[in-house]
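Chains as they are written, first to last, in this note's numbering: chain A, 9 to 491; chain B, 9 to 491. Don't be surprised by glycine CBs; every beta carbon is placed ideally from N, CA and C. Notes follow once the structure below has been shown.
Number of protein chains: 2
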Amino acid sequence: MTEQGVTPRSEDYSRWYNDVVKMADLADYAPVRGCMIIKPYGYELWEGIQAGLDRRFKATGHKNAYFPLFIPMSFIEKEAEHIEGFAPELAVVTHVGGKKLDEPLVVRPTSETVIGHAYAQWIHSYRDLPVLINQWANVVRWEMRPRLFLRTTEFLWQEGHTAHATKVEAVEETMRMLDIYADFAVSEAAIPVIKGRKSTQEKFAGAEASYSIEAMMGNTWALQSGTSHYLGQNFAKAFDIKFLDEENELQYCYTTSWGMSTRMVGGIVMAHGDDKGLRLPPRLAPIQVVIVPIWRSNDQKDTVMEAISRLQRELVDAGIRVHVDSREGLTPGFKFNDWEMRGVPLRMEIGPRDVQSGTAVLARRDILGKDGKQSVSQDGIAETINGLLVEIQDNMFAQATEFRDAHLHRASTYDELKEIVTDGWALIPHCGSAECEARIKEETKASSRCFPLEENKDFDVSGAVCPVCGKPAVGLAYFARAY
Amino acid sequence: MTEQGVTPRSEDYSRWYNDVVKMADLADYAPVRGCMIIKPYGYELWEGIQAGLDRRFKATGHKNAYFPLFIPMSFIEKEAEHIEGFAPELAVVTHVGGKKLDEPLVVRPTSETVIGHAYAQWIHSYRDLPVLINQWANVVRWEMRPRLFLRTTEFLWQEGHTAHATKVEAVEETMRMLDIYADFAVSEAAIPVIKGRKSTQEKFAGAEASYSIEAMMGNTWALQSGTSHYLGQNFAKAFDIKFLDEENELQYCYTTSWGMSTRMVGGIVMAHGDDKGLRLPPRLAPIQVVIVPIWRSNDQKDTVMEAISRLQRELVDAGIRVHVDSREGLTPGFKFNDWEMRGVPLRMEIGPRDVQSGTAVLARRDILGKDGKQSVSQDGIAETINGLLVEIQDNMFAQATEFRDAHLHRASTYDELKEIVTDGWALIPHCGSAECEARIKEETKASSRCFPLEENKDFDVSGAVCPVCGKPAVGLAYFARAY
């Protein structure tokens, strides 16, 4: 990072990201390679994400539970695709108290297996269904190229695991949770997302079908920000999750799983950040309003701080998350920059003249400079601020949507695709083959993101061909550089 | 467990505990030895505990953060007492993706070391102090004799870690957190606790002094339910946590750590449970009121369910956690027993006659039978119930306090101690030696619980001798059978 602040995005996006995460005190690398320490400011952001998701899960009938960190190696091996997908990333406990274990224990990379084993004991009859459970947990997938929040060996997430009597119900659940993730991203994180189905190559190891929400970052790269998997009867068969149906016949359950992780924190940084640093959507910002006192003499200080405590109380009472920056020995200008870098949506400045005139200066993070600055009356300040916070949230979503939409393009030829993915996402009729996806990845670094649900709704696949291989297309797919 | 319900406490306390935990669906053993699955009802109880603690931590200026699960073995070895205490319980990751690691990684048993390492990077000047951080996490300590919630190889907890400029501040913090644990236990869990200092033998590996809250279970055994450690400069020296003081001199910090875990769930079960099963304090009960509909004909059912939905809405609006047991094919009597076993503080029965007369029958879990049952008006039902929930909370605390106080005794001789600890806690002048503690443990199975703060306040130690060895006492100490 430079002395002035973060590295400009235009100069080096990757360094800009690292600078912002570190300077804004969101996270840092841990002494163990690939692991991270989530610092208080970053963790508060995660707590906001947790609250927004947990509320939605509970409103749709899900309960939280907790399953063990350690999974017997034999469990992981039961579902063939599953072990194949996860084997290279598994951390394994072999010794305890200096003695070797009979069976090595895997530190969970995800919990379908151990939860499947439990569900097989819990579920007996159709009356026990559906089982709708979520857990908040840490998981470990060894990461060779770690990036804070985006790819870390250990990360925090929630993983939902549900079991149903019918395929229809399980598919409905899969789509319900995908919708919940999209709603969360849009309403709370102010990030527009594209819902879609992952290609066969990109789906979860062991799933019948995987769906994701894909978000566009500030460099136009894609970030898979939440996934919802329809597992069919794959795990039910591997773990013997059966129930007696209403006709007293023994049937396998249909299961789903879905997750969102601390990766979302990185997504918020990259979807909204600018050259000055972080920009946080008001709904999730740990601090929504920072108050910077301005004074020269001690007399002025007393007057100003007195007014500030009154205003602070008013804002807290109105449920606004407010922080007063009363640090000594720092200029107001330094503080302004500091809080802009930390992405606080709204800054309030109060000096002696404001106290006298009963006003306050408000400066918006989403509109820098004079255009985003106004003097407002201290009367009804909470209402004024609540209104502005809604405006900022809406504006950030509009900005992100405008940016995204300007970088989504249809491609009819492979050459067009190659051109588009240098600065956007290309939508092509896609054959769905592993070969084409590998070739595109190799030649353009863009990976298959998804078959978007919306765009495929009215798409007539007959006659459409894949511009890469010329074979019949199975649907429209987005390709993009991705994290 | 018997067909009728849980094994009576008087018959076999240990089986009673297991029956309650399993029949009330709080938890179950996991496929990995010593690990547990916390089921939704048990996890909701834990969520209540989390909320009660988290609120208190934040109100006293603490922030949450997250540190890594894996700790390099070399870190654990840096503090001599620490590694000695934890070595036999450590689970160690040696392999990743099939390859052997250069340095084995310990799955955290507690995080003083890895957090100490981070604080050494973060803290430079007195201006950075105090650092007041808590984390919610899972930890692993290999357990040879597991018991659900009480002793499990993996458990969930919070661990606070703070760093201070002076000894005075660190000691104050240690006592502040001990007080917070006691306040939580009393106000939310309705469990009276004794605050005290652990003996040298029982203190945390690496601490200068450990304090705990000790609670009495229904069989008079003690449960250490929360601990707060003053770590002095031990970890600061091992991990080089230094700061420049106001005179620009380099000084070591003083640190503290403190934790409460899922063990508290077991404590609530055992402090309040009776022969019928669980009894949950209203403040923490996942369901505060269960409504059982009573009807014979379908006509009656419609009328009853309509009234119930109205009442349910009223209670939900008043912030009361309510559940309607609309299961078909089960008698009201079966449901009454079921919810009594699950410890729901208040049951509401509504039948056709209640609908007609605008009344409802309320039955208290803390007072079984006719004495705890009353017919109340449906008008102002939320207020009535809120009042009753407070009464139940208070009564449960009073019952637990009365029981505890009846089983606390002063002992002047070793024989008295032996007698007392068969059914209570014995308070003796104690020399504090490892030898006496070991002898008492060996001969009576009672362990040193603590030097209680309150009882030692006015105790004149001069002339007091340990009844076991006859040497001078250092203070009054409680001895008791313990989990």
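Closest by C-alpha distance to residue i, when choosing among the options
i: Thr208(B); options: His237(B), Ile199(B) and Leu319(B); result: His237(B)
i: Cys487(B); options: Phe192(B), Cys474(B) and Gly50(B); result: Note that residue 487(B) is Phe in the sequence shown, not Cys. Residue Cys474(B) is the option with its Cα nearest to Phe487(B).
i: Phe94(B); options: Glu87(A), Gly105(A) and Glu92(A); result: Gly105(A)
i: Leu140(A); options: Ile199(A), Gly69(A) and Pro117(A); result: Gly69(A)
i: Val476(A); options: Ser18(A), Tyr422(A) and Lys465(A); result: Tyr422(A)
i: Thr430(B); options: Phe411(B), Asn227(B) and Val324(B); result: Asn227(B)
i: Phe75(B); options: Thr161(A), Phe247(A) and Val398(A); result: Thr161(A)
i: Glu55(A); options: Ile123(A), Asp248(A) and Glu196(A); result: Glu196(A)
i: Lys71(A); options: Glu410(A), Trp144(A) and Thr15(A); result: Trp144(A)
i: Ala99(A); options: Ile84(A), Asp110(A) and Glu89(A); result: Ile84(A)
i: Leu53(B); options: Ala32(B), Val122(B) and Glu111(B); result: Ala32(B)
i: Ser385(B); options: Asp379(B), Glu111(B), Leu397(B) and Thr367(B); result: Thr367(B)
i: Lys245(A); options: Ala171(A), His438(A) and Gly432(A); result: Ala171(A)
Chain-order list of residues whose beta-carbon lies under 7 Å from that of residue i (same chain, five-residue window excluded)
i: Glu216(A); result: Tyr238, Leu239, Gly240 and Asn242
i: Ala35(A); result: Val29, Met44, Ile45, Ile46, Lys47, Gly50, Leu156 and Phe157
i: Glu180(A); result: none
Between the CA atoms of residue j and residue i - distance to the nearest angstrom
i: Pro289(A); j: Met185(A); result: 22 Å
i: Leu292(B); j: Ile57(B); result: 7 Å
i: His132(B); j: Leu258(B); result: 9 Å
i: Trp24(B); j: Phe192(A); result: 44 Å
i: Leu484(A); j: Pro460(A); result: 7 Å
i: Glu342(A); j: Asn306(A); result: Note on residue identity: the sequence assigns Phe, not Glu, to residue 342(A). Those two C-alpha atoms are separated by around 20 Å.
i: Gln364(B); j: Glu391(B); result: 21 Å
i: Lys449(B); j: Phe405(B); result: 30 Å
i: Pro16(A); j: Arg412(A); result: 20 Å
i: Ala173(B); j: Ser269(B); result: 28 Å
i: Met9(A); j: Arg287(A); result: Summary for Met9(A): the model assigns pLDDT 46, below 50, so the residue's position carries little reliability; its value from the coordinates is reported in the next sentence. Cα to Cα, the separation comes out at about 18 Å.
i: Arg153(B); j: Leu164(B); result: 18 Å
i: His280(B); j: Glu348(B); result: 13 Å
i: Trp229(B); j: Gly275(B); result: 11 Å
Contact test: residue i Cβ vs the ligand PLP heavy atom, cutoff 7 Å
i: Ser305(A); result: Annotation note on the ligand PLP: not contained in the displayed structure, which lists no ligands.
Terminal residues of the beta strand (DSSP E) in which residue i lies
i: Leu113(B); result: Lys107 to Val115
i: Trp165(B); result: Glu162 to His172
i: Ser365(A); result: Element bounds for Ser365(A): not the beta strand (DSSP E) but the alpha helix (DSSP H), Pro360 to Ser365.
i: Phe251(B); result: Lys250 to Leu252
i: Pro340(A); result: First-last for Pro340(A): Pro340 to Met349, but that is the alpha helix (DSSP H), not the beta strand (DSSP E).
i: Gly204(B); result: Val201 to Arg205
i: Trp433(B); result: Trp433 to His438
Outcome for residue i when other beta-carbon atoms lying within 10 angstroms are tallied against a minimum of 16
i: Gln296(A); result: buried
i: Leu231(A); result: buried
i: Gly478(A); result: exposed
i: Lys86(B); result: buried
i: Gln401(B); result: buried
i: Gln129(B); result: exposed
i: Ser233(B); result: buried
i: Val122(B); result: buried
i: Lys206(A); result: buried
i: Val469(A); result: exposed
Contacts around residue i, its chain only, beta-carbon distance under 6 Å, and the 5 residues preceding and following it disregarded
i: Ile299(B); result: Ile316, Val332 and Met356
i: Glu19(B); result: none
i: Asn464(B); result: Gly483 and Leu484
i: Lys211(A); result: Ser218
i: Met278(A); result: Met225 and Gly226
i: Arg64(B); result: Ile188
Where the alpha helix (DSSP H) containing residue i begins and where it ends
i: Asn242(B); result: Asn242 to Phe247
i: Tyr260(A); result: Note, Tyr260(A): premise wrong, no alpha helix (DSSP H); beta strand (DSSP E) at Leu258 to Tyr260.
i: Met185(A); result: Lys175 to Ser195
i: Leu54(B); result: Reading the sequence as shown, one finds Trp at residue 54(B) and not Leu. That run of the alpha helix (DSSP H) goes Pro48 to Ala67.
i: Leu425(B); result: Tyr422 to Ile428
i: Cys477(A); result: It is not in any alpha helix (DSSP H) - Cys477(A) carries neither H nor E in the DSSP assignment.
Sequence-distant residues of its chain with Cβ nearer than 8 Å to residue i (five each side left out)
i: Asn345(A); result: Gly13 and Lys284
i: Glu451(B); result: Lys426
i: Ala434(A); result: His417, Arg418, Ala419, Glu424, Leu425, Ile428, Ala454, Tyr486, Phe487 and Ala488
i: Glu443(A); result: Cys477
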